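Peer 1: Starting off with a structure, shown below.
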Amino acid sequence: MDASLKDRLEVDAVFPLSDHADFEELCCYAEQVNASMTYTVLGFDEELAMHLRRRGLRAKPLAQVDQLRLF
739 MDASLKDRLE VDAVFPLSDH ADFEELCCYA EQVNASMTYT VLGFDEELAM HLRRRGLRAK
799 PLAQVDQLRL F
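Those letters in the sequence shown? Residues 739 to 809, by the working numbering.
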């Protein structure tokens, strides 16, 4: 990202967002966000969750999240 973008836009901060990130970009994003839990979905969800756990993050494929019974 262009380092001068913040000044040109006259804003306090800028950060890139994309719904098209590669595997390593997703890992870096998860580390930077530092969420208490990361849920992965679609595509390589199990592999990504396992890789994030190896990097010390709590991560789980959403398909494996247990639904609580209400009744």
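The beta-carbon is built from N, C-alpha and C at its ideal position, and this holds for glycine as well.
Since the model is a prediction, treat every value here as computed from it, not as a measurement.
#1: Can you grab the Cα-Cα spacing for the pair Leu808 / Ala797, in whole Å?
#2: Would you report the Cα separation of Thr778 and Phe753, rounded to the nearest angstrom?
#3: Please report the residue range of the alpha helix (DSSP H) in which Ala768 lies.
#4: Determine the DSSP secondary structure at Ala797, reduced to helix, strand or coil.
#5: Do you know how far the Cα of Ala768 is from the Cα of Arg871?
#6: Between Leu806, Gly781, Ala787, which lies nearest to His758 when the distance is taken from Cα to Cα?
Peer 2: Working from what's here:
#1: Reading the sequence shown from its first residue, position 70 is the one you call residue 808. Reading the sequence shown from its first residue, position 59 is the one you call residue 797. Leu808 and Ala797: Cα-Cα distance of roughly 25 Å.
#2: Locating residue 778 in the sequence shown gives position 40, counting from the first residue. Locating residue 753 in the sequence shown gives position 15, counting from the first residue. The straight-line gap from Cα to Cα measures roughly 22 Å.
#3: As a working note, residue 768 is residue 30 in the sequence shown. Where Ala768 is concerned, the enclosing alpha helix (DSSP H) stretches over 761-771.
#4: In the sequence shown, the residue the question calls residue 797 occupies position 59. Strand at Ala797.
#5: Any question about residue 871 goes unanswered here, given that the chain covers just 739 to 809.
#6: As a working mapping, residue 758 is identified with position 20 in the sequence shown. Looking from the CA of His758, the closest CA among Leu806, Gly781, Ala787 belongs to Gly781.
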